[in-house]
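*Asks:*
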Amino acid sequence: MVVASPLVQVQAQMDSEVDEVFLNVTPLHRAERYIQTELNKLQNSDSCCGLRKFEDWENQLPASCLCTPPTSPPASDPSSRPGNSSSGGDCVMVGSDQHPPTPQVTDKTWVHSKPCGPILKSYLSFPIKLRIGIISAFATIAMAAIALCLALGLEKYWKKPPVESTVDDFNRVKYEPKPSLT
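Be aware that the sequence shown starts at -18, since it is given in the numbering used here, and climbs by one per residue.
#1: Taking the C-alpha atoms as reference points, what is the distance between ASP149 and SER161?
#2: Pick from MET74, LEU105, ILE115, LEU47: whose alpha carbon is nearest that of GLN(-6)?
#3: I'd like the span of the alpha helix (DSSP H) that includes CYS72, first residue to last.
#4: In or out: LYS26 buried (at least 16 other Cβ within 10 Å) or exposed?
#5: Buried or exposed, going by whether 16 or more other CB atoms sit within 10 Å of the CB of VAL92?
#6: Following the continuous alpha helix (DSSP H) through PRO(-13), name the residue where it begins and the one where it ends.
#7: Decide if the segment 117 to 132 is in contact with the segment -1 to 12; the criterion is three or more beta carbon pairs, one per stretch, under 8 Å apart.
#8: Tell me, which residues are paired with TRP91 by DSSP?
#9: Ignore the nearest five residues each way along the sequence and tell me which others in LYS155's own chain have a CB closer than 8 Å to its CB.
#10: Please identify the residue among THR49, PRO142, ASP71 whose C-alpha is closest to the C-alpha of LYS159.
#11: Run the CB neighbour count on TRP38, radius 10 Å, all protein chains shown included, and call it buried at 16 or more, exposed below.
Written as structure tokens, this is what we have:
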């Protein structure tokens, strides 16, 4: 527990530092090419856009942010509403000034509304959470083992030994422990 406690504090500090990096790296279209490439991979794989919101890209949305607009639901299906998920993520419509320069541009562009920042933070904090989990599991097992050892060590004080009583010729009761099989 002494080792796991600082890790919890480290994780909280790391989360705040990552939030600070997210603020400093926006707008994303001006970020380093490597950051843009890796973020595009994440956006493609997890159907998300931007670090905190899709506006992090300002008016230069990459193709990895685009999603298929939701189809209008049949009238018989009340659970489906416009704007619900399409291909794994929620889509929102953005204005025509935020579309990437492609020949197929329409005046309505749909992008993933889910931000990538929380996903990225969970990837970054996984090693710390794993260490906290392993240490906590080890500490729990160690405490259970100590409790079990104490219980087994004190067992002879809790149990009353089986006693055999006999009456002798003078009408006296004699108590003797029963012989054990061990």
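Positions of the beta carbon are idealized from the N, C-alpha and C atoms, including for glycine. It should be emphasised that the depicted structure is a prediction, and the values quoted were computed from it without experimental measurement.
*Replies:* Reading from the atomic positions:
#1: Against the sequence shown, residue 149 aligns to sequence position 168. Against the sequence shown, residue 161 aligns to sequence position 180. Those two C-alpha atoms are separated by around 23 Å.
#2: Sequence index remark: in the sequence shown, residue -6 carries index 13 (1-based). Taking only the C-alpha atoms, the option nearest GLN(-6) is LEU105.
#3: Looking up residue 72 in the sequence shown gives position 91. That residue, CYS72, is in no alpha helix (DSSP H); its beta strand (DSSP E) goes 70 to 75.
#4: Counted from its first residue, the sequence shown places residue 26 at position 45. Position check: residue 26 holds Ser in this sequence, whereas Lys was assumed. Exposed, by the Cβ-count rule.
#5: In the sequence shown, counting from the first residue as 1, residue 92 sits at position 111. Buried, because 16 or more other Cβ atoms sit within 10 Å of the Cβ of VAL92.
#6: In the sequence shown, residue -13 corresponds to position 6, counting from 1. Counting along the chain, the alpha helix (DSSP H) containing PRO(-13) begins and ends at -15 to 6.
#7: No, the segment 117 to 132 is not in contact with the segment -1 to 12.
#8: Along the sequence shown, one-based indexing puts residue 91 at 110. Beta-bridge pairing links TRP91 to MET74.
#9: As a first step, residue 155 must be located in the sequence shown, where it is residue number 174. Answer for LYS155: SER146, THR147, VAL148, ASP149, listed in chain order.
#10: Translated into the one-based positions of the sequence shown, residue 159 becomes position 178. Nearest C-alpha to LYS159: PRO142.
#11: Taking the sequence shown and counting its residues from 1, the one referred to as residue 38 is at position 57. TRP38 is buried by the Cβ-count criterion.
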